[in-house]
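Notes follow the structure.
In the UniProt record's numbering, the protein residues as written are 1 to 658.
Spelled out as structure tokens, the structure:
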């Protein structure tokens, strides 16, 4: 019989005012998500007992009326009603979620005075309350004073440490738990693994994995998912995949964990392969979209990104900020800045991350003025910048050579927004000063930094020395770089090329002799381009592509025409032989030029040629791309490890500084 009908009969036959009947009705309505009816029954009761109060307080809390639950608790207390452990257990979740969190301290004090705190269930509830309030010190104090602890107590304490970021304490607590004879359950294990994933503690994570194997719970889904997350966060994708493959019943969390792990590990093809497998078994959710979109971004795969966008629209996932932001980021990193901005403008619920992604996008594409305008628009909308958004705007100023504007934002961080600059902000300023040719000012800026500069700071200055041909300062800066990273041969290559461009061949020879056995060679570069849904990858000096002959003929023609027009490529590669034939061969073999040539030969006129390179583009490929853009009347968008280069009509958006 329907509960409402029963209520009607009870009222009709005179039982509606009985306390026990009303208590049952309050419980019924609360559990049926009809809390207004429960409140009406409560308010009309002629007499109430402790069960009445506990039922309505608990009902309000479970239905999300946290403020009302706290209000009723205070009213109960003021009316002199007796409080028991159930009352306190009912109101504590509301204390965490309401605007009256201080009431939790009152509840704690009352439990101490009345001795109710000795009940393990109440102690556990207090642990959970303080943990949710991020008060790990109070959590720890209560835990240490508890007379009787069960597995819930230990799990709550592990969770508290994890939320507070005290990951190092979790390993000791987990071990102590075993010594006390408490057997960790699934919740304790997953909580511990969350902590070990948080600080990438593989050693402790493996220890918990071993415990799970010995107790036969390795394939219990929450444990398996937590193990995968731990291995993913620690960068051990093979171990994560092994667990994934041995879980018989996977849920979306399982798939999302591994797809996200592949994306973050720059294993984009593996991420898409797994995503396609998932489509055959489960429907991807919004989290899946947020996990797979970075893979499309890392590949600069605009076609795949658009497919993901269409899927997200069909499923209604664009309302999710994580998905929307990931889509904007994908379009930015695929070189489709107009599409990124169009989508950004359509977002109805922009957050700080949305604005920061778009500002950084303008910076990557060398559009500093647009980045500044958007930054000011963000502030005008009421959203205040954080360290990340200041990093994005300084990056934009750096790549556009906006020296005065960069200084203004850098000073505003501390003076107006009380944000202390970090290394990444100092690095942007050094890069900006180098970009604008202020090498001496950059050096003095580094010398006066309040935090110790790392190698990235000095390398920015070293690159600036190369662009502006300041060999004397380069030698001084290189000493700092070599001291910080003596084994990184790439920095020796950089100095050697600075010497070579100044025709200091004796210095090149001495540097080679100095590093000797370290193998002074540049890392193998690769570039790729997507044509008709297929990625074509080109490696330096690799002629094994099926269209290798056509590409070589095209580049020979480009080289001939460049020479005819006075654009003879520089042949000052410090780490190659002196034979011009060797140089010319190397110049034709650069991966970016191969990919651009392939794009010209295979993409119809009018379509942009989008190329991605895994490292900074070299000056030869850069000059070739500029020339090809004019020679063929093509728009070339080249994304290297540092920024985007837009080539049109023989000009590049970077204006010669990258």
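For every residue, glycine included, the Cβ atom is placed at its ideal position computed from N, Cα and C.
Report task. Please report the residue range of the alpha helix (DSSP H) in which residue 314 lies. Result -> Taking the first residue of the chain shown as position 1, residue 314 is located at position 314. Looking at the DSSP string, the run of the alpha helix (DSSP H) that includes residue 314 is 302 to 315.
**Report entry** Same chain only: Cβ atoms within 7 Å of residue 36, ignoring 5 sequence neighbours per side
**Finding:** Indexing the chain shown from 1 puts residue 36 at position 36. The beta carbon of residue 36 sits closer than 7 Å to no other beta carbon from its chain once the five residues preceding and following it are set aside.
Query - Own chain, CB closer than 6 Å to residue 326, minus 5 neighbours either side, in chain order - result: Here the question's residue 326 lines up with position 326 in the chain shown. Excluding positions up to five away in sequence, the list reads 290, 293.
Report task. Give the secondary structure of residue 579 by DSSP, where H, G and I count as helix, E and B as strand, and everything else as coil. Result -> Taking the first residue of the chain shown as position 1, residue 579 is located at position 579. Residue placement at residue 579 cannot be trusted, given a pLDDT of 35 that sits under 50; what the coordinates show is reported in the next sentence. DSSP places residue 579 in coil when its eight states are reduced to three.
Report task. Taking all protein chains shown into account, decide if residue 337 is buried (16 or more other Cβ within 10 angstroms of its Cβ) or exposed. Result -> If you number the chain shown from 1, residue 337 lands on position 337. Classification of residue 337: buried, given that the 10 Å Cβ count is 16 or more.
Query raised in the report: What's the call for residue 40, buried or exposed, on a 16-neighbour Cβ count within 10 Å?
Result: On the chain shown, residue 40 is found 40 positions in, with the first residue counted as 1. Residue 40 should be labelled exposed.
Requested in this report: Run the CB neighbour count on residue 549, radius 10 Å, all protein chains shown included, and call it buried at 16 or more, exposed below.
Outcome: Within the chain shown, the letter at position 549 stands for residue 549. Note on residue 549: under 16 other CB atoms within 10 angstroms of its CB, so exposed under the neighbour-count rule.
Report task. Quick one: give me the first and last residue of the alpha helix (DSSP H) that residue 338 is part of. Result -> By 1-based counting over the chain shown, the position of residue 338 is 338. Counting along the chain, the alpha helix (DSSP H) containing residue 338 begins and ends at 337 to 346.
Report task. Compare the beta carbon distance of residue 56 and residue 72 with 7 Å and say whether it is the shorter of the two. Result -> Working through the chain shown from its first residue, we reach residue 56 at position 56. Working through the chain shown from its first residue, we reach residue 72 at position 72. Contact: yes.
Query raised in the report: Hey, residue 432 and residue 397: beta-carbon distance below 7 Å or not?
Result: Looking up residue 432 in the chain shown gives position 432. Looking up residue 397 in the chain shown gives position 397. Between residue 432 and residue 397, the C-beta gap is smaller than 7 Å, which places the two residues in contact.
Requested in this report: Within the stretch 612 to 649, note down every full alpha helix (DSSP H) run reaching 4 residues or more, in order along the chain.
Outcome: Segments of the alpha helix (DSSP H) lying fully in the stretch 612 to 649: 619 to 631.
Query raised in the report: Comparing alpha-carbon positions, which option in 274, 350, 400 lies nearest residue 370?
Result: For the purposes of this step, residue 370 is identified with residue 370 of the chain shown, where counting begins at 1. In terms of CA proximity to residue 370, 400 leads the group 274, 350, 400.
**Report entry** Residues sharing a beta bridge with residue 283, DSSP
**Finding:** Taking the chain shown and counting its residues from 1, the one referred to as residue 283 is at position 283. Its beta-bridge partners do not exist; DSSP assigns none.
**Report entry** Cut-off 6 Å between Cβ atoms - residues of its own chain near residue 364, not counting five sequence neighbours on either side
**Finding:** Residue 364 sits at position 364 when you count from the first residue of the chain shown. Result list for residue 364: 643, 644, in chain order.
**Report entry** residue 114 burial status per 10 Å Cβ neighbour count (16 or more: buried)
**Finding:** Position 114 of the chain shown, counted from the first residue, corresponds to residue 114. Burial is judged here by how many other beta carbons sit within 10 angstroms of a residue's own beta carbon; residue 114 has fewer than 16 and is exposed.
Query raised in the report: Taking the C-alpha atoms as reference points, what is the distance between residue 515 and residue 490?
Result: Counted from its first residue, the chain shown places residue 515 at position 515. Counted from its first residue, the chain shown places residue 490 at position 490. Straight-line Cα distance between these residues: approximately 12 Å.
Query raised in the report: If you drop the 5 nearest sequence neighbours on each side, which residues of the same chain put their C-beta closer than 6 Å to that of residue 402?
Result: Start at 1 with the first residue of the chain shown, and residue 402 comes out as number 402. Here residue 402 has 368 as same chain residues with Cβ atoms under 6 Å from its own Cβ, once five neighbours each way along the sequence are excluded.
Query raised in the report: Just how far apart, CA to CA, sit residue 469 and residue 478?
Result: To locate residue 469, count along the chain shown from 1; it is residue 469. To locate residue 478, count along the chain shown from 1; it is residue 478. Going by the C-alpha atoms only, they are around 14 Å apart.
**Report entry** Contiguous alpha helix (DSSP H) assignments of at least 4 residues, all confined to the stretch 42 to 122
**Finding:** For the stretch 42 to 122, whole alpha helix (DSSP H) runs of length 4 or above, ordered along the chain, are 50 to 62, 66 to 78, 85 to 97, 103 to 114.
Requested in this report: Along the beta strand (DSSP E) that carries residue 204, what are the first and last residues, could you check?
Outcome: If you number the chain shown from 1, residue 204 lands on position 204. Where residue 204 is concerned, there is no enclosing beta strand (DSSP E), although the alpha helix (DSSP H) around it starts and stops at 202 to 214.
Query - Straight-line Cα distance separating residue 192 from residue 223 - result: The residue you call residue 223 lines up with position 223 of the chain shown. The residue you call residue 192 lines up with position 192 of the chain shown. Rounded to the nearest angstrom, the two C-alpha atoms are 10 Å apart.
Query raised in the report: Would you call the CB atoms of residue 225 and residue 254 closer than 7 Å?
Result: Counted from its first residue, the chain shown places residue 225 at position 225. Counted from its first residue, the chain shown places residue 254 at position 254. Yes. Within cutoff.
Requested in this report: Could you tell me the distance, in whole angstroms, from the CA atom of residue 52 to the CA atom of residue 23?
Outcome: Counted from its first residue, the chain shown places residue 52 at position 52. Counted from its first residue, the chain shown places residue 23 at position 23. Using only the alpha carbons, I get a separation of about 5 Å.
Query raised in the report: Who pairs with residue 527 in a beta bridge, going by DSSP?
Result: If you number the chain shown from 1, residue 527 lands on position 527. Checking the DSSP bridge columns, you'll see residue 527 partnered with 538, 613.
Report task. Could you say which of 545, 348, 70 lies nearest to residue 105 if we only look at CA atoms? Result -> Mapped onto the chain shown, residue 105 falls at position 105. Checked all of 545, 348, 70; the closest Cα to residue 105 is 70.
Query - Which of helix, strand or coil DSSP assigns to residue 652 - result: Residue 652 sits at position 652 when you count from the first residue of the chain shown. Residue 652 sits in a strand when the DSSP states are folded into three classes.
Query raised in the report: Terminal residues of the continuous alpha helix (DSSP H) containing residue 226?
Result: Reading the chain shown from its first residue, position 226 is the one you call residue 226. Taken as a continuous stretch (DSSP letters only), the alpha helix (DSSP H) holding residue 226 covers 221 to 233.
Report task. Would you please state the rounded distance, in angstroms, between the beta carbons of residue 316 and residue 340? I believe it to be under 8 Å. Result -> Here residue 316 is taken as the residue at index 316 of the chain shown, counted from 1. Here residue 340 is taken as the residue at index 340 of the chain shown, counted from 1. Cβ atoms of residue 316 and residue 340 stay farther apart than 8 Å, at about 21 Å.
**Report entry** residue 603 to residue 616 span [Cα, whole Å]
**Finding:** The count along the chain shown starts at 1 and reaches residue 603 at position 603. The count along the chain shown starts at 1 and reaches residue 616 at position 616. C-alpha of residue 603 to C-alpha of residue 616: approximately 24 Å in a straight line.
Report task. Measure from the alpha carbon of residue 391 to the alpha carbon of each residue in 257, 194, 418, 356, then state which is nearest. Result -> Your numbering for residue 391 matches position 391 in the chain shown. For the residues 257, 194, 418, 356, the minimum Cα distance to residue 391 belongs to 356.
Report task. Please report the residue range of the alpha helix (DSSP H) in which residue 370 lies. Result -> Taking the chain shown and counting its residues from 1, one reaches residue 370 at position 370. That run of the alpha helix (DSSP H) goes 368 to 380.
Report task. Identify which residue in 613, 623, 610, 608 has its Cα closest to the Cα of residue 561. Result -> Locating residue 561 in the chain shown gives position 561, where the first residue counts as 1. Checking every option, the nearest Cα to that of residue 561 belongs to 623.
Report task. Within 10 angstroms of the Cβ of residue 213, are there 16 or more other Cβ atoms? Answer buried if so, exposed if not. Result -> Counting from 1 along the chain shown, the entry for residue 213 is found at position 213. When all chains shown are included, residue 213 counts as exposed.
Query - Proximity winner among 505, 502, 483, 511, relative to residue 493 (alpha-carbon distances) - result: One-based indexing of the chain shown puts residue 493 at position 493. The shortest C-alpha separation from residue 493 is found at 511.
Requested in this report: With DSSP collapsed to three states, give me the class of residue 124.
Outcome: Along the chain shown, read from residue 1 onward, the residue named residue 124 stands at position 124. In this structure, residue 124 counts as helix in the three-state DSSP scheme.
Query raised in the report: If we ignore side chains and look at the alpha-carbon of each, how far apart do residue 589 and residue 637 end up?
Result: As a position in the chain shown, residue 589 is number 589, starting the count at 1. As a position in the chain shown, residue 637 is number 637, starting the count at 1. With a pLDDT of 48 at residue 589, under the threshold of 50, the modelled position of this residue cannot be trusted, and the question is left open.
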